[in-house]
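Peer 1:
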Amino acid sequence: MNNTSYESLEEEQEESRKNYLFQIDFLKAAMIFLVIFDHFVAWDIKREIGVSLWERISIPVFLVIIGFNMGLSFQREGASSLKELYSWKYFKKKFFRYLIPFLILYAASTFIGLFLYNFDFNAMYFGQFYPDHGDINYLIGILPFWGPGNWFIPLILGSILILPLFYWFFTKSKIITLIACFIIEFIMQLFVFLYFGEITSWEESHIYLFFATNVLYYMSGIGLGMWFSFGYKLWEKRNLFMWILFPISLIFIILYQFFDFRIIIDGILFLRGDYHFLFIPYSAFLVLLGLRFLPQSSKSWISKKISLISKSTYHILLTQILGYAMITMFWGNHYGMALPWNWLDIIDLIVLWIIFIEFGVLWYKIDLLRNVTRKILYYINLFIVFPSLLLFSFWIQGLWVPITLIAIILYAITALVIHYVIKKPIPTKVLGVWTIFLLLNFISLIFQVEVVSENLHWVLNVPLGIYLISALLYTIYYYK
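Residue numbers (our numbering): -16 to 463.
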């Protein structure tokens, strides 16, 4: 990665961010750790450790922050009319920030999934998320090579279309619009309750997923966030109602978590899940506490790391979706810690935190680059090295690792040394030569696993060895 280019872009972004709030960066960074935790730890453990009070707050906090940041953004830009809110600039920014990375993930993850499922699309599509994969998933943004957290992507994309309209309503009447957000969510829950009742078929479950990934299903959280964007002081008169909603929400969560309390009408569950208007005020109040007691700015090196992770949370989400998708394929599910657990499970979790977050941050940095050629080369590196690391961890347990995969791992180690120790950007031509070597190794790996018998692997390895020598000679010549 060209650190000079990245840092200059970061400085430009930082200068343009008026009213910067480190509190939000801290909350976002903390919540993405909890998201990875949530997808790793099975429910037989989570039920015993009171996760509703601390770990399951991650998505509600993100919902509040989505509304909060969107509100602040529109206020900074001075947008007030629908024409200004739904501007080409707005959609262009969201297109490159959210849709392009998702489309890249869609293509890369589908190819990786096909490779792991012997290029059988039906086996991948129905085996990976069975029996929840239905045809409707094509329409709402569920990946063919599914991974946990995928449901949040259509929610984010939907918010791009909906939130400018709600902000416009907030500028007309904040109180009425906030109440309307709660009413809309209640109506969505009521419709699901009346229409589906008790879900008895997978077809109904597939249709329900359409509602569960709809931003309107979570409007209480986003509405509260947008409300706070107009004034977030804890003791401000306009926020005193939160001192009423918070204890109500807290009591409900305690009853839900520790006493298995559920609202059941005629034997049918009302209010599905734990991301609705009786849960969200608790998390929203924690956001207010964070805004009140965390520092608004910080210049320490750890604060800069936290802010970088915060900016990368979307890319980290996408990265962990792909990573957990591969884990699901190999393990049968994405939960790496279940009862009975041991200390090695905690080590696995820490390793996944490091891998998912580091590669997510790297992806975010790549997206900031203006040099298209380098950006493409880095994309190729990212989506070969990341899955290869996970493949190495899976296959080494079976005491068999192809030479081509070992070469990719050594390549990755060398890249880390150059990035963190030498700290000098690789010239684009040299990067291109070595990216071709990486790509050839990955293609050879696919052929070795899917096509060529083990006793003929040398046929593929010999040309790679010749290219490796050529790449080394070219690199030496270039630097001379």
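All residues carry an ideal CB built from backbone N, CA and C; glycine is no exception.
When DSSP builds the beta bridges, which residues end up paired with Ile251?
Peer 2: BP columns for Ile251 point to Ile248.
Peer 1: Name the two residues that bound the continuous alpha helix (DSSP H) containing His440.
Peer 2: Looking at the DSSP string, the run of the alpha helix (DSSP H) that includes His440 is His440 to Tyr462.
Peer 1: Do the stretch 143 to 162 and the stretch 97 to 106 touch if we need at least three Cβ pairs shorter than 8 Å?
Peer 2: Output reads no: the stretch 97 to 106 does not touch the stretch 143 to 162.
Peer 1: Can you find the residues in the same chain that come closer than 7 Å, C-beta to C-beta, to Leu36, ignoring five residues on each side of it along the sequence?
Peer 2: The residues are Ile236 and Gln240.
Peer 1: My output table needs one value for Val384: the three-state DSSP class, helix, strand or coil.
Peer 2: Note: Val384 maps to coil in three-state DSSP.
Peer 1: Contact check, Gly117 vs Glu38 under 8 Å by CB: the rounded distance?
Peer 2: Going by Cβ atoms, the distance from Gly117 to Glu38 rounds to 29 Å, so no, they are not a contact pair.
Peer 1: For Pro278, which residues of its own chain have a beta-carbon under 7 Å away from its beta-carbon, when the five flanking residues on both sides are left out?
Peer 2: Contacts found: Phe5.
Peer 1: Whole angstroms is fine: what's the gap from Ile299's alpha carbon to Ile292's?
Peer 2: Ile299 and Ile292: Cα-Cα distance of roughly 8 Å.
Peer 1: When you compare the CB positions of Phe420 and Ala454, do they come within less than 8 Å of one another, or not?
Peer 2: Yes, they are a contact pair.
Peer 1: Under DSSP, the alpha helix (DSSP H) around Leu36 begins and ends at which residues?
Peer 2: That residue, Leu36, is in no alpha helix (DSSP H); it is neither H nor E in DSSP.
Peer 1: Please classify Lys407: is it buried, with 16 or more other beta-carbons within 10 angstroms of its beta-carbon, or exposed?
Peer 2: Per the 10 Å Cβ criterion, exposed.
Peer 1: Is Val47 helix, strand or coil when you go by DSSP?
Peer 2: Val47: helix per DSSP, three-state reduction.
Peer 1: Phe229 and Tyr201: beta carbons closer than 8 Å?
Peer 2: No, the pair does not count as a contact, with Cβ atoms beyond the cut-off.
Peer 1: Excluding sequence positions up to five away, which residues of its chain have a Cβ less than 6 Å from the Cβ of Ile304?
Peer 2: So the qualifying residues of the chain are Gly130, Gly132 and Asn133.
Peer 1: Need the endpoints of the alpha helix (DSSP H) that Arg275 sits in, please.
Peer 2: Note, Arg275: alpha helix (DSSP H), Ile263 to Phe276.
Peer 1: Could you tell me the distance, in whole angstroms, from the CA atom of Tyr3 to the CA atom of Ile363?
Peer 2: Rounded to the nearest angstrom, the two C-alpha atoms are 34 Å apart.
Peer 1: With a 10 Å radius around its C-beta and 16 neighbouring C-beta atoms as the bar for buried, classify Leu428 as buried or exposed.
Peer 2: By the 10 Å Cβ count, Leu428 comes out buried.
Peer 1: Do Phe51 and Phe211 have their CB atoms nearer than 8 Å?
Peer 2: In contact: Phe51 and Phe211 (Cβ atoms closer than 8 Å).
Peer 1: Apart from the five residues on each side of it in sequence, which residues of its chain come closer than 7 Å, Cβ to Cβ, to Ser63?
Peer 2: These residues qualify, in order along the chain: Thr154.
Peer 1: Would a C-beta distance cut-off of 8 Å place Ile48 and Val270 closer than the cut-off?
Peer 2: Yes, these two residues count as a Cβ contact at 8 Å.
Peer 1: If Pro370 sits next to Met309, beta carbons under 8 Å apart, how far is it from one beta carbon to the other, in whole angstroms?
Peer 2: Going by Cβ atoms, the distance from Pro370 to Met309 rounds to 6 Å, so yes, they are a contact pair.
Peer 1: Keeping to the same chain, check which residues put their C-beta closer than 6 Å to that of His22; ignore five residues upstream and five downstream.
Peer 2: Within the same chain, His22 has close Cβ partners Pro131, Tyr307 and His317.
Peer 1: Does Val334 come out as helix, strand or coil in the three-state DSSP assignment?
Peer 2: Residue state, collapsed to three classes: helix.
Peer 1: At which residues does the alpha helix (DSSP H) containing Ala91 begin and terminate?
Peer 2: Residues Ile83 to Leu99.
Peer 1: Indicate the three-state DSSP secondary structure (helix, strand or coil) for Val435 in the structure shown.
Peer 2: In the structure shown, Val435 sits in coil (DSSP, three-state: anything other than H, G, I, E or B).
Peer 1: What are the uninterrupted segments assigned as alpha helix (DSSP H) that are 4 or more residues long and contained completely in the stretch 113 to 156, given in chain order?
Peer 2: You should have 120 to 123 and 135 to 155.
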